[in-house]
Amino acid sequence: MRNVTEAPEDQEESLFEAPPMAEQERMVEAILFATTEPITTRELEARMPHGCDAAEALVYLRKRYEGRGVQVMKVGDAWAIRTAADLGFLMQKETVETRKLSRAAIETLAIIAYHQPVTRAEIEEIRGVSVSRGTVDQLLELEWIRFGRRKMTPGRPVTFVVTQSFLDHFGLENARDLPGLKELRAAGLLENRPPPGTLPGPETDPEDESEEGQSELFED
């Protein structure tokens with residue numbers, strides 16, 4: 022009699038059992054392949070059947086893609102399928118930017134990436150020149166930087182940090198993976214000149230715009 026009453030309960034529980042891990046791995050692979058933006062494990066599990074473990078599935082999937090032409094990469098706190106770093110040259114024509122960043126924008130972006138969270142005043146101190154509103158706006162429009170928390174100093178200035186889009190564009194897991202100065206110069210992202218902030222005094226940057234209206238970006 023006891024076996025008869027337990028059978029329906031066992032059957033009901035089986036309806037909520039998670040799919041086998043191999044099937045979960047396939048689901049995660051399908052989602053990552055179809056999405057253009059990196060996706061978190063929580064978002065993955067929200068799309069998968071009840072009881073799935075996206076984090077565990079990612080471990081198996083990442084291992085299966087080791088050494089392949091595409092790899093499962095962590096981007097910040099999210100995941101994506103991307104071209105293997107050593108094969109990036111094959112995508113050169115497809116990844117060429119139609120609008121090049123100005124020297125001012127590149128230097129500002131580099132300072133934010135290496136010193137985040139950093140205020141506009143701190144960026145200007147490191148560069149030795151003022152930072153135009155247009156330069157900051159360009160980086161914000163590209164979604165490579167965003168506003169961070171206000172600094173607990175007089176005036177409560179806003180800070181800037183790099184975004185997940187920035188990390189994804191350059192194939193980085195986090196800002197700690199940024200290359201050194203030698204690699205940046207070899208890639209043509211920095212000129213062969215003294216690092217910003219080491220010059221004897223402020224210089225005039227022809228690419229910087231007038232400071233008029235800059236304070237509007239930082240008003241409360």
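Positions 22 to 241 (our numbering) are the ones given, in order, by the sequence shown. In this text, a Cβ means the ideal position worked out from N, Cα and C, and glycines have one as well.
Practice task
Take Leu188 and list the residues in its own chain whose beta-carbon comes closer than 6 Å to its own, dropping the five residues that flank it on each side.
Solution key: Val96, Gly97
Problem - Minimum C-alpha distance to Ala142 - residue among Pro175, Gln159, Thr56 - result: Pro175
Practice task
Any chance you could list the alpha helix (DSSP H) runs of at least 4 consecutive residues sitting entirely within the segment 118 to 191, in chain order?
Solution key: 124 to 136, 141 to 148, 154 to 162, 185 to 190
Exercise for the section: Please report the residue range of the beta strand (DSSP E) in which Thr104 lies. Expected result: 99 to 104
Problem - Option in His71, Phe181, Val150 with minimal Cα separation from Glu164 - result: Phe181
Practice task
Quick one: give me the first and last residue of the alpha helix (DSSP H) that Met94 is part of.
Solution key: Looking at the DSSP string, Met94 is not in any alpha helix (DSSP H); the run it does join, the beta strand (DSSP E), is 91 to 96.
Practice task
Flag this pair as yes or no: are the beta carbons of Thr129 and Ile144 separated by less than 7 Å?
Solution key: yes
Exercise for the section: Report the rounded CA-to-CA distance for Ile133 versus Glu38, giving the unit in angstroms. Expected result: 47 Å
Practice task
Taking all protein chains shown into account, decide if Arg154 is buried (16 or more other Cβ within 10 angstroms of its Cβ) or exposed.
Solution key: buried
Problem - In DSSP terms, what Ile60 is bridged to - result: Trp100
Practice task
Within its chain, find whatever has a CB closer than 7 Å to the CB of Glu232; leave out the 5 residues flanking it on each side and keep chain order.
Solution key: Unreliable placement is indicated for Glu232, whose pLDDT of 36 sits below 50; the coordinate value is still reported in the next sentence. Result list for Glu232: Ser151, in chain order.
Practice task
Check whether the Cβ atoms of Leu82 and Glu46 sit closer than 7 Å, and answer yes or no.
Solution key: yes
Handout entry: Cβ neighbours of Gly169 in the same chain (closer than 8 Å, five flanking residues each side left out)
Key = Gln137, Pro138, Val179, Thr180, Phe181, Val182
Practice task
Please say whether Ile102 and Leu53 have beta carbons closer to each other than 7 Å?
Solution key: yes
Practice task
Evaluate Arg89 with the Cβ neighbour count: other Cβ atoms within 10 Å of its Cβ, from every protein chain shown; 16 or more gives buried, anything less gives exposed.
Solution key: exposed
Handout entry: Nearest residue (CA-CA) to Leu161, options Lys172, Thr184, Met173, Gly149
Key = Thr184
Practice task
Note down the Cα distance separating Val91 from Arg177, rounded to an integer number of angstroms.
Solution key: 44 Å
Handout entry: Gln159 versus Gly109: straight-line alpha-carbon distance, rounded
Key = 25 Å
Problem - Sequence-distant residues of the same chain with beta carbon closer than 8 Å to Glu194, five excluded per side - result: Met94, Lys95, Val96, Gly97, Leu188
Problem - Inter-residue Cα distance where the pair is Pro59 and Arg148 - result: 33 Å
Exercise for the section: Consult DSSP for Ala67 and reduce its assignment to one of helix, strand or coil. Expected result: helix
Exercise for the section: Flag this pair as yes or no: are the beta carbons of Val49 and Ala76 separated by less than 7 Å? Expected result: no
Handout entry: Cα-Cα separation, Arg68 to Tyr86
Key = 22 Å
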